[in-house]
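Q: Quick note: the sequence shown uses numbering that gives the first Met the number 0, first residue 0, plus one each step. Cβ coordinates follow ideal geometry from the N, Cα and C atoms, glycine included.
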Amino acid sequence: MPNPALASPDTLRAALAETAYLADDGLATVTWLAHTLQRPLLLEGEPGTGKTALAEAVAQLQGVPLIRLQCYEGIEASQALYDWDFPRQILHLRAVEALARDASDGSGVGELEAELFDERFLQARPVLQALRAAPCVLLVDEIDRADDEFEAFLLEVLSTWSVSIPELGVVAADTPPFVVLTSNRTRELHDALKRRCLYHWIEHPGLDRELEIVRARLPEVEQTLAREVVTLVQQLRADDTMVKPPGVAETLDWARALTALGQSRLDPEVAAATMGAAVKYREDAERVRVALDRMLTR
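#1: Does Tyr71 pass the burial test, meaning 16 or more other C-beta atoms within 10 Å, or should it be called exposed?
#2: Could you check if Tyr20 is buried or exposed, using at least 16 other CB atoms within 10 Å of its CB as the buried criterion?
#3: Determine the direct distance from the alpha carbon of Leu41 to that of Ser163, and round the result to whole angstroms.
#4: Give me, in chain order, the residues of the same chain whose beta-carbon lies closer than 7 Å to that of Met294; leave out the 5 immediate sequence neighbours on both sides.
#5: Cβ of Ala172 within 8 Å of Cβ of Ala133?
#6: So the candidates are Glu148, Lys50, Val156 and Asp143; which of them puts its Cα closest to the Cα of Pro125?
#7: On the premise that Ile212 lies in contact with Thr181, defined as a C-beta separation below 8 Å, what is that separation, rounded to the nearest angstrom?
#8: Along the chain, where does the beta strand (DSSP E) that runs through Ala123 open and close?
#9: How would you label Pro86, buried or exposed, when you count the other beta carbons within 10 angstroms and need 16 or more for buried?
#10: With the cut-off set at 8 Å, would you say Leu53 and Thr30 are in Cβ contact?
#11: Is the segment 177-192 touching the segment 33-49 in the sense that three or more CB pairs, one from each, lie closer than 8 Å?
#12: Rounded to a whole number of angstroms, what is the C-alpha to C-alpha distance between Ser106 and Glu166?
#13: Nearest-angstrom Cα distance between Arg236 and Pro244?
#14: Output the boundary residues of the alpha helix (DSSP H) element that contains His203.
#15: Would you check if there are 3 or more beta carbon pairs closer than 8 Å linking the segment 247-263 to the segment 206-225?
#16: Does the segment 188-195 come into contact with the segment 136-150, if we say contact requires no fewer than three beta-carbon pairs (one atom in each stretch) closer than 8 Å?
#17: So for Ala56, helix, strand or coil by DSSP?
#18: Excluding the 5 residues preceding and the 5 following Asp292 in the sequence, name in chain order all residues of the same chain whose CB lies nearer than 6 Å to its CB.
#19: According to the Cβ coordinates, are Ile74 and Ala145 closer than 8 Å?
#20: Just the C-alpha distance for Glu209 and Asn183, rounded to the nearest angstrom, thanks.
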């Protein structure tokens, strides 16, 4: 039965808002198109702009599993696809050898040896899990951290929605998973992968939208505090000298930390004490502490 939340970009946007994810028209439209056309969705943007959270929200509103593949430097296809449980295979092989010694005619040994690459010894990694579990959402997080060889492997899977396991055969998805790839643009991705996907760049939100996000995600935060935190974060992002401006995720962490301390307003002393929730570099923290009085009086 079709999910009414996916009837149109507008219904998808409204459904995402019910999960406390506030998407603009462009993001809602490209997400709806990716789902409808069964195309992977490639999201790029600064860290903390809600790329990963979109995949989580889509899985939640659809009521399907979210399977996450976290990319990193040096990741190999076997770590994304499957591996064999070697310790269990060795134990099984020892049992085969014991049977061979006990059986005068060696009967059954060949069958037991063939079982070394049986399904029970297969360890499915995220990509294989997604092909088998579909419908689901497959999140390929920070694809820009992986290398060219891994990109090529992933492109092949996304093109056929299947993988070949030499010992077991081809595993193909009955229903293609909804795939979300995220990139912080630490390097440029290959054109071949980009052509396979629908693309969207997620900007940091403006003040009003970020305030809406805080209110939706953290309704327990005082409205005055929420506005003061968001206003301060917007000023930090406008500072071109910062090593790493805070994202929306840091805004939420900061507001949550202040609320946990029982704060209803933001003053320089409390802001300085809790700055580690939003500013992650020593140089940025020192620069912000010096300017806090001036920034909070604007």
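A: A quick look at the data gives this:
#1: Your numbering for residue 71 matches position 72 in the sequence shown. Exposed, because fewer than 16 other Cβ atoms sit within 10 Å of the Cβ of Tyr71.
#2: Position 21 of the sequence shown holds residue 20. Counting every other CB atom within 10 Å of its CB across the protein chains shown gives Tyr20 a total of 16 or more, marking it as buried.
#3: Taking the sequence shown and counting its residues from 1, one reaches residue 163 at position 164. Taking the sequence shown and counting its residues from 1, one reaches residue 41 at position 42. Taking the straight line from one Cα to the other gives about 25 Å.
#4: For the purposes of this step, residue 294 is taken as the residue at position 295 of the sequence shown. Around Met294: Leu231 and Gln234.
#5: Position 173 of the sequence shown, counted from the start, is the residue given in the question as residue 172. Position 134 of the sequence shown, counted from the start, is the residue given in the question as residue 133. Contact flag set, yes.
#6: Counted from its first residue, the sequence shown places residue 125 at position 126. The shortest C-alpha separation from Pro125 is found at Val156.
#7: Start at 1 with the first residue of the sequence shown, and residue 181 comes out as number 182. Start at 1 with the first residue of the sequence shown, and residue 212 comes out as number 213. Contact doesn't hold; Cβ gap of about 18 Å is too wide.
#8: As a first step, residue 123 must be located in the sequence shown, where it is residue number 124. That run of the beta strand (DSSP E) goes Leu121 to Ala123.
#9: Taking the sequence shown and counting its residues from 1, the one referred to as residue 86 is at position 87. Answer is exposed; the Cβ neighbour count stays below 16.
#10: In the sequence shown, counting from the first residue as 1, residue 53 sits at position 54. In the sequence shown, counting from the first residue as 1, residue 30 sits at position 31. Going by C-beta atoms, Leu53 is nearer than 8 Å to Thr30.
#11: By the Cβ criterion, the segment 33-49 is in contact with the segment 177-192, since at least three pairs of Cβ atoms, one from each stretch, lie closer than 8 Å.
#12: Within the sequence shown, residue 106 is the residue found at index 107, counting from 1. Within the sequence shown, residue 166 is the residue found at index 167, counting from 1. Only weak support exists for where Ser106 lies, its pLDDT of 49 falling under 50; the value from the coordinates is given anyway. One C-alpha to the other measures close to 23 Å.
#13: Numbered from 1 along the sequence shown, position 237 holds the residue referred to as residue 236. Numbered from 1 along the sequence shown, position 245 holds the residue referred to as residue 244. Each residue's Cα considered, the two are about 5 Å apart.
#14: Indexing the sequence shown from 1 puts residue 203 at position 204. Here His203 belongs to no alpha helix (DSSP H), and DSSP marks it neither H nor E.
#15: Of all C-beta pairs linking the segment 247-263 to the segment 206-225, three or more are shorter than 8 Å, placing the two stretches in contact.
#16: Yes, the segment 188-195 touches the segment 136-150.
#17: Numbered from 1 along the sequence shown, position 57 holds the residue referred to as residue 56. Helix, per DSSP.
#18: Taking the first residue of the sequence shown as 1, we reach residue 292 at position 293. Only Pro267 meet the Cβ criterion.
#19: Position 75 of the sequence shown holds residue 74. Position 146 of the sequence shown holds residue 145. It is a contact, given that the beta carbons lie within the stated cut-off.
#20: Within the sequence shown, residue 209 is the residue found at index 210, counting from 1. Within the sequence shown, residue 183 is the residue found at index 184, counting from 1. If you take the alpha carbons of Glu209 and Asn183, they lie about 20 Å apart.
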